[in-house]
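Have a look at the structure below, then the notes.
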Amino acid sequence: MFSSFLSIALALVMFGLGLTLTVGDFTRVLKYPKAAAVALVCQMIVLPVICVGLILLFGLGGVLAVGMMLLVASPGGTAANLFSHLAGGDVALNVTLTAINSVLAVFTLPLVVGLSMAGFLGGGASIGLQPAKFVQVFAIVLIPVVIGMAVRARFTGWAERMRKPVRIGSAVVLVLVIAAAIAQAFRTLVDNIWTLGPVALALSVLSLAIGYAVPRLFRVDRGQSIASAMEIGVHNGTLAIAVAVSVLGDKAMAVPAVVYGVLMFFLAGVVAFLLSRSRETASV
Numbered sequence: 380m381f382s383s384f385l386s387i388a389l390a391l392v393m394f395g396l397g398l399t400l401t402v403g404d405f406t407r408v409l410k411y412p413k414a415a416a417v418a419l420v421c422q423m424i425v426l427p428v429i430c431v432g433l434i435l436l437f438g439l440g441g442v443l444a445v446g447m448m449l450l451v452a453s454p455g456g457t458a459a460n461l462f463s464h465l466a467g468g469d470v471a472l473n474v475t476l477t478a479i480n481s482v483l484a485v486f487t488l489p490l491v492v493g494l495s496m497a498g499f500l501g502g503g504a505s506i507g508l509q510p511a512k513f514v515q516v517f518a519i520v521l522i523p524v525v526i527g528m529a530v531r532a533r534f535t536g537w538a539e540r541m542r543k544p545v546r547i548g549s550a551v552v553l554v555l556v557i558a559a560a561i562a563q564a565f566r567t568l569v570d571n572i573w574t575l576g577p578v579a580l581a582l583s584v585l586s587l588a589i590g591y592a593v594p595r596l597f598r599v600d601r602g603q604s605i606a607s608a609m610e611i612g613v614h615n616g617t618l619a620i621a622v623a624v625s626v627l628g629d630k631a632m633a634v635p636a637v638v639y640g641v642l643m644f645f646l647a648g649v650v651a652f653l654l655s656r657s658r659e660t661a662s663v
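Each residue of the sequence shown is one higher than the last, beginning at 380 in the numbering used here.
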């Protein structure tokens, strides 16, 4: 029953994301290729490498290590747009990155998780390129987005009116998913909270820091760097939990995303507040 709830919840979230996207959100990347390229390299390559380092540094293993890699392989969540807006970021870039990441995740997420299972679980546990798993990820990530985009193209006015409710609804769904996941894997959470907490916090801090600092090093403007920070630092916890439970059938693997989901909202909120204040100070 929990697995069915997750699948429905994620489908609604991804459908809501589709309602906010247009074909132009994918082609807009041509207007700022450097900002998009730097952000995507950070998210697709740099962050997984850092996550592996944190896993080894904190001695995480087994399904919890795979759960961390599943989380880091998930694209940015819809909440990234909200935090970016609050911090003064380029929300259009956020939308574009979310659109591209949602498509790429269909291919990169099974690969990263498959390699992680082979490395941290051993025994040929890789699911990376198994057709059935790939199809499941495709179904729960991309198909609802495409349907949402089609509905938006046909009923544009209604989709525009739904922007704010979709953002709020996505946040509510994430809270409900986290609460349900805690109830399902409470013992695992309690047993590992002091191990997972520091890893999740470190990952969140480094994701936000790298997402902002690396683009600035490449002379990307401040607004786009903020958008990059939020896109890289605010992962789609709902997707990570749903894949762990619905596709991989392991509730314990969802626990890292649960811990991260709780910490991330507070940390991203603090960072957004500080960035918005620094922008106000600079403009005085």
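Ideal placement from N, C-alpha and C gives every residue a C-beta, glycine not left out.
Alpha-carbon spacing of residue i relative to residue j, whole angstroms
i      : j      : result
SER549 : ALA623 : 19 Å
ILE665 : GLY536 : With the chain represented from 380 up to 663, any question about residue 665 goes unanswered, as that position is not in the structure.
GLY501 : LEU465 : 43 Å
ASP404 : ALA478 : 7 Å
VAL485 : VAL649 : 31 Å
VAL402 : VAL516 : 22 Å
ALA529 : VAL392 : 15 Å
LEU363 : ALA592 : Nothing can be reported for residue 363: it is not among the residues displayed for the chain, which extend from 380 to 663.
GLN563 : TYR411 : 43 Å
GLY397 : ILE526 : 7 Å
LEU439 : ALA633 : 14 Å
LEU400 : ALA532 : 9 Å
ALA560 : VAL637 : 7 Å
PHE499 : ILE522 : 30 Å
TYR639 : VAL417 : 24 Å
HIS614 : LEU488 : 13 Å
VAL663 : SER463 : Unreliable placement is indicated for VAL663, whose pLDDT of 40 sits below 50; the coordinate value is still reported in the next sentence. Taking the straight line joining both Cα atoms gives about 21 Å.
ALA497 : SER453 : 18 Å
ALA588 : VAL545 : 28 Å
LEU618 : ALA444 : 17 Å
ARG540 : ILE547 : 13 Å
VAL578 : VAL524 : 31 Å
ALA647 : VAL514 : 32 Å
GLY590 : ALA415 : 11 Å
ILE519 : LEU436 : 33 Å
ILE605 : GLN422 : 14 Å
ILE429 : GLY455 : 17 Å
Residue i in three-state terms, based on DSSP
i      : result
LEU438 : According to the sequence shown, residue 438 is Gly rather than Leu. DSSP places GLY438 in coil when its eight states are reduced to three.
GLY640 : helix
GLY467 : coil
GLY455 : strand
LEU449 : helix
Exposure of residue i, with buried meaning 16 or more beta-carbon neighbours within 10 Å
i      : result
THR406 : exposed
PHE644 : buried
LYS413 : exposed
SER657 : exposed
ILE424 : exposed
ASP469 : buried
VAL569 : exposed
ALA558 : exposed
PHE565 : exposed
GLY432 : exposed
GLY628 : exposed
LEU653 : exposed
LYS543 : exposed
LEU575 : buried
GLY493 : buried
VAL491 : buried
GLY441 : exposed
ALA555 : The sequence shown places Leu at residue 555, not Ala. Exposed is the call here.
LEU508 : Reliability fails at LEU508, whose pLDDT of 47 lies under 50, so the model's placement of it is uncertain and the value that follows must be treated cautiously. Result: exposed.
ILE387 : exposed
ARG626 : Looking at the sequence provided, one finds Val at residue 626 rather than Arg. Buried is the call here.
field: Validate contact between the segment 605 to 619 and the segment 472 to 481 using beta carbons, cut 8 Å, 3 pairs
entry: yes
Any 3 or more C-beta pairs closer than 8 Å across the segment 618 to 633 and the segment 596 to 604: no
query: Which ranges would you report for the alpha helix (DSSP H) in the segment 401 to 425 if only whole runs of at least 4 residues count?
result: 402 to 406, 412 to 420
Complete runs of the alpha helix (DSSP H) confined to the segment 570 to 643 [at least 4 residues]: 601 to 612, 616 to 621
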